[in-house]
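A.B. asks: Below is the structure I would like to discuss, written out as structure tokens.
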């Protein structure tokens with residue numbers, strides 16, 4: 018990983034932390050610094066000035082994780098059944114940003130199937146026969 022990338026993340030973090038002192042809305046300085054860094058790197062990647070797709074993917078993955086945590090804090094526990102399709106959708110979106118729209122249909126069909134399955138399980142979440150599956154999916158990370 019380039020020193021430039023580490024300095025960019027650090028610089029944006031410090032700027033965002035300082036800006037937060039003067040604005041009414043607060044941004045997560047870490048989230049903003051990672052996001053703005055990978056957006057800048059993605060633009061450079063697309064025009065040919067940056068060629069490390071691995072670093073780009075790692076930074077995007079950090080943003081995906083941050084989005085997951087931000088959403089999971091605000092969503093009702095019963096909606097956590099959609100955690101897997103949500104994470105897979107964000108991951109697929111990040112992948113498409115890097116590689117483009119080539120061969121989009123097979124993964125799109127899989128995503129659709131996972132969303133439909135999650136919805137069916139959600140719809141029958143109170144059925145005694147499905148309760149174990151729903152509870153396992155909702156508490157996949159040990160959250161209660």
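Numbering (our numbering), first residue to last: 18 to 161. All C-beta atoms, glycine included, are put in the ideal place defined by N, C-alpha and C. Please read all numbers here as calculations on a predicted model, not as lab measurements.
Measure from the alpha carbon of residue 136 to the alpha carbon of each residue in 122, 102, 148 and 74, then state which is nearest.
C.D. replies: Taking the first residue of the chain shown as position 1, residue 136 is located at position 119. The shortest Cα separation from residue 136 among 122, 102, 148 and 74 belongs to 102.
A.B. asks: Mapping the DSSP letters down to three states, classify residue 35 as helix, strand or coil.
C.D. replies: By one-based count along the chain shown, residue 35 stands at place 18. Correct three-state label for residue 35: helix.
A.B. asks: What is the DSSP secondary structure of residue 92, reduced to helix, strand or coil?
C.D. replies: On the chain shown, residue 92 is found 75 positions in, with the first residue counted as 1. In the structure shown, residue 92 sits in coil (DSSP, three-state: anything other than H, G, I, E or B).
A.B. asks: Please report how far the alpha carbon of residue 115 lies from the alpha carbon of residue 81, in whole angstroms.
C.D. replies: As a working mapping, residue 115 is identified with position 98 in the chain shown. As a working mapping, residue 81 is identified with position 64 in the chain shown. Spanning the two alpha carbons is a distance of roughly 14 Å.
A.B. asks: Residue 58: buried (16+ other C-beta within 10 angstroms of its C-beta) or exposed?
C.D. replies: Here residue 58 refers to the residue found at position 41 of the chain shown. Looking at its Cβ environment, which holds 16 or more other Cβ atoms inside 10 Å, residue 58 is buried.
A.B. asks: One question on the structure: do residue 54 and residue 87 come within less than 7 Å of each other, judged by their Cβ atoms?
C.D. replies: Here the question's residue 54 lines up with position 37 in the chain shown. Here the question's residue 87 lines up with position 70 in the chain shown. In this structure, residue 87 does not lie closer than 7 Å to residue 54 by Cβ.
A.B. asks: Do the stretch 109-128 and the stretch 136-149 meet, that is, are 3 or more Cβ pairs less than 8 Å apart?
C.D. replies: Cβ pair count under 8 Å is below three, so no.
A.B. asks: Based on Cα-Cα distance, which residue from 36, 39, 38 and 72 lies nearest to residue 51?
C.D. replies: On the chain shown, position 34 is the one that residue 51 refers to. Of the listed residues, the one whose Cα sits closest to residue 51 is 72.
A.B. asks: Go to residue 150, then tell me how far its alpha helix (DSSP H) extends in each direction, as first and last residue.
C.D. replies: If you number the chain shown from 1, residue 150 lands on position 133. That run of the alpha helix (DSSP H) goes 148-155.
A.B. asks: So, under 8 Å CB-CB, residue 121 and residue 113 are touching, yes? Tell me the CB distance rounded to an integer number of Å.
C.D. replies: Position 104 of the chain shown, counted from the start, is the residue given in the question as residue 121. Position 96 of the chain shown, counted from the start, is the residue given in the question as residue 113. The pair is a contact, with the Cβ atoms about 7 Å apart (cut-off 8 Å).
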